[in-house]
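Participant:
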Amino acid sequence: MAVEMLSYIERESPVHRLTGVAKLICFLIWSSIAMLTYDTRVLLFLFLFSVLIFIVSKVKIREVAFVLLFILFFLLINNLAIYLFSPQEGVKIYGTSHVLVDIGGKYSVTLEQLFYQFNVTLKYFTVIPAALLFIVTTNPSEFAASLNRIGVSYRISYAVALALRYIPDIQRDFRNISLAQQARGIDMSRKEKLPIRIKNAASIIIPLILSSLDKIETISNAMELRGFGKNKKRTWYRSRPIQKNDIITIALFITILTISLYTTFHDGNRFYNPFQ
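Under the numbering used here, the letters of the sequence shown match residues 26 to 301, in that order.
1. In terms of alpha-carbon separation, which member of CYS51, SER178, GLN138 lies closest to ILE160?
2. Below 9 Å between beta carbons: does that hold for LYS85 and SER38?
3. Which residues in the same chain as LEU172 place their Cβ atom closer than 6 Å to its Cβ, once the five residues preceding and following it in sequence are excluded?
4. Quick check: the Cα distance between LEU101 and ASN246, rounded to an integer number of angstroms?
5. Give me the residue from THR151, LYS218, ARG180, SER133 with the minimum Cα distance to GLN113.
6. With a cut-off of 8 Å on the beta carbons, I'd call ARG251 and ASP64 a contact; round off their distance for me.
7. What number of angstroms, rounded off, separates the C-alpha of VAL177 from the C-alpha of VAL185?
8. Sorted by chain position, which residues of the same chain lie with C-beta nearer than 8 Å to VAL81's C-beta, five sequence neighbours on each side aside?
9. Within 10 angstroms of its Cβ, does PRO165 collect 16 or more other Cβ (buried), or is it exposed?
10. Mind checking MET26: buried by the 16 CB within 10 Å criterion, or exposed?
11. Do ILE175 and LEU43 have their beta-carbon atoms positioned less than 9 Å apart in this structure?
12. Restricting to Cα atoms, I'd like to know which of TYR119, GLN206, LEU147 is closest to GLN138.
13. How would you label ALA169, buried or exposed, when you count the other beta carbons within 10 angstroms and need 16 or more for buried?
14. With H, G and I counted as helix, E and B as strand and the rest as coil, what does DSSP make of SER133?
15. Among ARG36, LEU158, LEU282, LYS224, whose alpha-carbon lies nearest the alpha-carbon of PHE70?
16. Run through DSSP, which three-state label would ASP64 get?
17. Buried or exposed: ASN144, going by 16 or more other Cβ atoms within 10 Å of its Cβ?
18. DSSP three-state label for PHE98, please.
19. Run through the DSSP bridge pairs and tell me what VAL124 is partnered with.
20. Write down the C-beta distance between THR135 and LEU147 rounded to the nearest angstrom, noting that I regard them as a contact closer than 8 Å.
21. From GLN268 to ARG197, what distance separates their C-alpha atoms?
22. With a Cβ-Cβ cutoff of 9 Å, do SER32 and ILE153 count as a contact?
23. Tell me which residues share the same chain as TYR149 and place their Cβ nearer than 6 Å to its Cβ, disregarding the 5 neighbours each side in the sequence.
24. On the three-state DSSP scale, how would you describe PHE140?
25. Report the option in THR163, LEU77, LEU109, LEU53 whose CA atom is closest to the CA atom of SER264.
26. Quick check: what's the CA-CA separation for ASP239 versus LEU233?
27. What residue does the alpha helix (DSSP H) around GLU114 start on, and which one ends it?
28. Tell me the residue span of the alpha helix (DSSP H) that contains ALA287.
29. Out of curiosity, what's the CA-to-CA distance linking LEU235 and PHE110?
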């Protein structure tokens with residue numbers, strides 16, 4: 026059976042046992058640190074700590090491998106774009122220039138630019154495992170309850186939960202439609218030429234869109250018939266009260282946030298400069 030991407034993976038682990046509210050708060054703290062700092066020491070610590078959390082969660086790499094490869098592909102494009110449009114950004118930030126390869130003009134490869142782009146890559150590697158873990162270890166209904174608890178409208182929270190629940194459905198529909206079309210003789214394999222494969226893909230995409238619209242209408246009608254949105258508040262079946270482990274985890278992440286911000290900004294500059 027094919028592994029469904031970005032869907033809830035049920036496991037028995039310390040990460041899964043945390044409530045949705047605690048995981049959401051920790052993820053927001055983690056993302057804030059990664060966005061604010063360019064200190065390599067902080068980023069390396071966050072990266073190693075995120076790997077440790079990933080191991081503790083018991084989520085297997087193959088279960089999120091496709092998403093990781095997809096993100097890494099765009100990370101590669103991002104790094105190329107940074108160098109093409111600002112090849113001397115590292116020199117401007119760190120104030121020195123150690124040329125490794127002189128290509129011509131402003132396009133010289135400097136140690137400062139490589140170090141700057143290494144930090145950018147490290148920021149991605151810091152946030153990606155945390156984001157994936159938050160999605161695959163949090164039940165969508167519990168996630169919606171968590172959003173509502175921190176002040177987000179329950180209508181928006183429920184919409185987010187429906188979107189997360191619908192990702193596996195779309196994947197299943199795509200596989201079923203693809204197999205049905207291949208049974209009718211439409212070749213989607215690598216044996217066929219790329220332009221023909223792109224053309225044949227329309228025979229899958231169009232039914233998938235129509236099927237999705239039909240499901241959206243069914244869900245909308247069901248929610249309307251049940252009076253969804255009539256009241257200002259609602260209760261949540263999957264909502265869980267904050268436990269002792271949640272408080273300890275949040276306190277730990279707040280401590281990491283405090284230490285990280287102090288390490289980053291104590292000298293008035295959020296960039297760690299090893300060239301001085």
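Virtual Cβ for every residue (Gly too), placed ideally from N, Cα, C.
Facilitator: From the atom records:
1. Ranked by Cα distance from ILE160, the first of CYS51, SER178, GLN138 is CYS51.
2. No, the pair does not count as a contact, with Cβ atoms beyond the cut-off.
3. Within the same chain, and ignoring the five residues on either side of LEU172 in sequence, the residues whose Cβ sits closer than 6 Å to its Cβ are SER182.
4. Those two C-alpha atoms are separated by around 43 Å.
5. Ranking the options by Cα distance to GLN113, first place goes to SER133.
6. With a Cβ gap of about 51 Å, ARG251 and ASP64 do not count as contacting.
7. C-alpha separation (whole angstroms): 11 Å.
8. Listed in chain order, the non-local C-beta contacts of VAL81 below 8 Å within the same chain comprise SER38, PRO39, VAL40, local neighbours out to five positions each way being set aside.
9. Buried, by the Cβ-count rule.
10. Here the model assigns MET26 a pLDDT of 43, short of 50, so the residue's position is not dependable and the matter cannot be decided.
11. Taking 9 Å as the Cβ cut-off, LEU43 and ILE175 do not qualify as a contacting pair.
12. It is TYR119 whose Cα lies nearest to the Cα of GLN138.
13. Label assigned to ALA169: buried.
14. For SER133, the secondary structure class from DSSP, reduced to helix, strand or coil, is strand.
15. The residue from ARG36, LEU158, LEU282, LYS224 with its alpha-carbon nearest to that of PHE70 is LEU282.
16. The three-state reading of DSSP puts ASP64 in coil, since its state is none of H, G, I, E or B.
17. Burial call: buried.
18. PHE98 falls in the helix class under three-state DSSP.
19. Paired residue(s): THR135.
20. Contact doesn't hold; Cβ gap of about 18 Å is too wide.
21. When rounded, the distance between both Cα atoms is 36 Å.
22. Contact check for SER32 against ILE153 fails: the beta carbons are separated by 9 Å or more.
23. Cβ within range, chain order: LEU100.
24. In the structure shown, PHE140 adopts helical secondary structure according to DSSP, grouped into three states.
25. That would be THR163, whose Cα lies nearest to the Cα of SER264.
26. Distance from the CA of ASP239 to the CA of LEU233, rounded to the nearest whole angstrom, comes to 10 Å.
27. Unbroken alpha helix (DSSP H) run through GLU114: 114-119.
28. Looking at the sequence provided, one finds Tyr at residue 287 rather than Ala. 269-290 is the span of the alpha helix (DSSP H), which, as asked, contains TYR287.
29. Each residue's alpha carbon lies about 41 Å from the other.
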